[in-house]
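Chains as they are written, first to last, in the working numbering: chain A, 1 to 242; chain B, 1001 to 1242.
Where a beta carbon is used, it is the ideal one built from N, C-alpha and C, also for glycine.
Quick caveat: nothing in here was measured; it's all calculated off a predicted structure.
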DNA sequence: AATTATTGTCACCATGGAGTGACTTGTCAA
DNA sequence: TTGACAAGTCACTCCATGGTGACAATAATT
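Written out as structure tokens, the structure reads:
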């Protein structure tokens, strides 16, 4: 017992210190500065421990990636209150709100922005894993939205997938660039004002694509697909079923 | 005379070889691999020449940046035929066409994509210069579009700047990511189909923001601003004045 | 032909990173 | 108390890179 002592020679404690050092280095100098020496120096330990405990830099980064969660969870994006089919704004409002939460997440997670920036120029096991998580959650989110608004998932993807890709990708790019540059096409990326303008612009754009004028869904009331339960059970509390 | 001989010891020729080697290295291994040794090895010359002729890596990269033009010129984006105020589609069609040309440029300029990716993680004289060129041309493009559709430039920027920033940034992100990853939100970034879908999505989005229903411009027919000539004279042939 | 300037080559140093083997020291169990 | 094992330290090799000085070879100039 007492395995969680505050011993001086504590493997778990040093493991944690090392992982935290990874985060510290990335926050301070970016992913490009990550290395065995840098991390060891920042953690105040000998680099040989990185090899002993993690099998090298790659293992350490994997561990780091597993610990921290660098992407939103579908449940958080869908958390109520969120505009639904009954609300006046309908689908455009909902999509705009989803995008706003996406943006909010990005802007409050600097480490995620580092990951996004890193993925631009690096290609390895880790970036592949990151990408896979993001893609999986994005698609799952779309399925939930399709269900929420009674679309066939395939229909929904065809209709709104590319548009949401464009807007989401734009948010990624602008948020990541906002770390370094101030303006993009005249928009101030480091001020809340700029981001508010982007969000309202996105809202107006989405009204165009998903507004009442362009809403030919529910054409077949008793189509076989779009079951009566959410696409999968990963939602904590069933999400939107009221 | 005969300064352009095919001598064996030709300073200009070696200078060119070195600059071309920069391009080759970036194309093959990305900006991250750029270095004095790498370039010298790729050019088949001694690295000391880089210091002699360019004063070091920084000078070489500057020269490289000056030579190559890594961003579209406003004139090319505005080249006729381009939808104008008289055409049925009007402003949305025009903006969609502009975005399509932006995308086309990106997809046909891999080096530009490398620059974009590089700018995400690096911050130095060069990236600052790149950014400045882009920003200047983007704003100038917007001014031209405002003039073309008889908007007050400030109005136009307020109304469409953020939306165009979002869409343009999305294109940048997706094009740059398309070098490495295949799918984003279900869209295939390495197939023409995927990009066509993105372009039509953008078009539909723009109809929402700039379509006839949301076109309260020209409210003041004799407003003082929006002069009768294009914002500046950098257009080759005066551009759109018919 | 001799001089001079410049192109290009070679050898070298310093630095910093990745990775490893041998050592010391603290902790736990017998 | 003692021995064994694990935690942590030290010292080192190897390698790639940035950067520089000295030298050889060739072209232009006189």
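Here the alpha carbon of residue 1067/B sits roughly 17 Å from the alpha carbon of residue 1055/B. The C-beta of residue 1157/B comes closer than 8 Å to at least one C-beta of chain A.
At a cut-off of 8 Å between C-beta atoms, residue 1162/B counts as an interface residue with respect to chain A. The C-alpha of residue 1186/B lies about 12 Å from the C-alpha of residue 141/A. Between residue 97/A and residue 85/A, the gap from beta carbon to beta carbon reaches 8 Å or more. Counting only Cβ-Cβ distances below 7 Å, residue 35/A has no contacts in chain B at all, with the closest Cβ about 14 Å away.
DSSP places residue 1079/B outside any alpha helix (DSSP H), giving it a letter other than H or E. For residue 126/A, same chain residues with a beta-carbon under 7 Å away, outside a window of 5 residues either side, are 61, 62 and 65 in chain order. Near chain A, meaning a CB-to-CB distance below 8 Å, the residues of the stretch 1166–1182 of chain B are 1166, 1167, 1168, 1169, 1170, 1171, 1172, 1173, 1174, 1176, 1177, 1180 and 1181. Taking all protein chains in view, the Cβ of residue 1199/B is crowded by 16 or more other Cβ atoms within 10 Å, so the residue is classified as buried. Residue contact check for residue 1056/B against chain A: no CB pair falls below 8 Å.
When Cβ pairs closer than 8 Å are counted between the two stretches, the stretch 99–115 of chain A is seen not to touch the stretch 144–160 of chain A, the count staying below three. The alpha-carbon separation between residue 1073/B and residue 1133/B amounts to approximately 10 Å. Counted as a single uninterrupted DSSP element, the alpha helix (DSSP H) harbouring residue 64/A occupies residues 57–67. Between residue 99/A and residue 167/A, the C-beta spacing is below 8 Å. Here residue 1183/B is near residue 1189/B, since their CB atoms are less than 8 Å apart.
Contact between residue 1053/B and residue 1018/B holds, with the beta-carbon distance rounding to 7 Å and staying under 8 Å. When 7 Å is used as the limit between beta carbons, residue 1187/B is near these residues of chain A: 161, 162 and 165, in chain order.
Going by beta carbons, residue 42/A and residue 21/A fall inside the 8 Å limit. Look at the stretch 128–145 of chain A: the residues with a C-beta under 8 Å from a C-beta of chain B are 131, 135, 138, 139 and 142. Taken through DSSP and simplified to helix, strand or coil, residue 1031/B comes out as helix. Sequence-distant Cβ neighbours of residue 157/A in its own chain, meaning closer than 7 Å and more than five residues away, are 142.
Check the Cα spacing between residue 1163/B and each of 81/A, 16/A, 165/A and 204/A: the tightest is with 204/A.
Distance check between residue 1036/B and each of 1049/B, 1030/B, 1111/B and 1029/B places 1049/B closest, using alpha-carbon atoms only. Selection 38/A, 29/A, 110/A and 34/A evaluated against residue 71/A yields 110/A as nearest (Cα-Cα). Apart from sequence neighbours up to five positions away, the residues of its chain that approach residue 176/A with a beta-carbon distance below 7 Å are 113, 116 and 117, ordered along the chain.
Note on residue 197/A: 16 or more other CB atoms within 10 angstroms of its CB, so buried under the neighbour-count rule. In terms of Cβ geometry, residue 1122/B and residue 1131/B do not form a close pair [threshold 8 Å].
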